[in-house]
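Chemist: In the numbering used here, the protein residues as written are 1 to 179.
1) From 63, 21 and 109, pick the residue whose C-alpha is nearest to that of residue 180; which is it?
2) Please state the DSSP three-state secondary structure of residue 154.
3) If you pair each beta-carbon of the region 38-48 with each one of the region 82-97, do three or more pairs fall below 8 Å?
4) Give the straight-line distance between the Cα atoms of residue 168 and residue 162, rounded to the nearest whole angstrom.
5) Going by DSSP in three states, residue 16 sits in which element: helix, strand or coil?
6) Could you please give the first and the last residue of the uninterrupted beta strand (DSSP E) stretch that includes residue 90?
7) Output the distance between the C-alpha atoms of residue 128 and residue 21, rounded to the nearest integer angstrom.
8) Note down the Cα distance separating residue 55 from residue 93, rounded to an integer number of angstroms.
9) Give me the residue from 79, 133 and 117 with the minimum Cα distance to residue 143.
10) Grab me the residues of residue 70's own chain with a C-beta within less than 8 Å of its C-beta, minus the 5 sequence neighbours each way, in chain order.
11) What does the Cβ neighbour count give for residue 153, buried or exposed, with the cut at 16 atoms within 10 Å?
12) For residue 115 and residue 96, what's the separation of their Cα atoms in angstroms?
13) Taking just the CA atoms, how far does residue 157 sit from residue 58?
14) Measure how close the beta-carbons of residue 159 and residue 107 come, nearest whole angstrom, since I'm counting them as under 8 Å.
15) Out of curiosity, what's the CA-to-CA distance linking residue 171 and residue 164?
16) Among 68, 146 and 4, which has the Cα closest to the Cα of residue 99?
What follows is the structure, given as structure tokens:
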């Protein structure tokens, strides 16, 4: 867990705003024990997670692909090759939607902007160190033009089919009580 108390609080505020402004349809699905909190997400989203990342072509056509994602500091970091279509899309149109779906048990849906993470970024070293430890080598060695992205969501909701059961199954404290 890399999140500070302030980052967890900011994530919770984003989740609360997003859910409050959601449609009645979404609220009929994600409610009560089906809502994941910021604390839940930080505990659940450790290590690498497969993301579905949606970008848009110049013609306005949607494109979706799977990427490795790491949830750090209350948001996603992900990478791709600079030769990938999604890299061109993100350079021209950084607005994107990102989802992580873990079977029927949980999901995290979001909309935001994917911004390039470069050596001048305040979390560059820490993110690169995390990725390098995870993969056993630097992601920058995967090819000649590997790009890391810092995802900045403006809307995000977390879903669990049965939150308390999910947390118990994953060995995470439920309601302040150790499992």
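Positions of the beta carbon are idealized from the N, C-alpha and C atoms, including for glycine.
Modeler: In this structure, then:
1) This structure gives no information on residue 180, because the portion of the chain shown stretches from 1 to 179.
2) strand
3) no
4) 10 Å
5) helix
6) Element bounds for residue 90: not the beta strand (DSSP E) but the alpha helix (DSSP H), 85-92.
7) 35 Å
8) 8 Å
9) 79
10) 47, 48, 49, 76, 77, 78, 127, 130, 131 and 134
11) buried
12) 10 Å
13) 28 Å
14) 5 Å
15) 11 Å
16) 68
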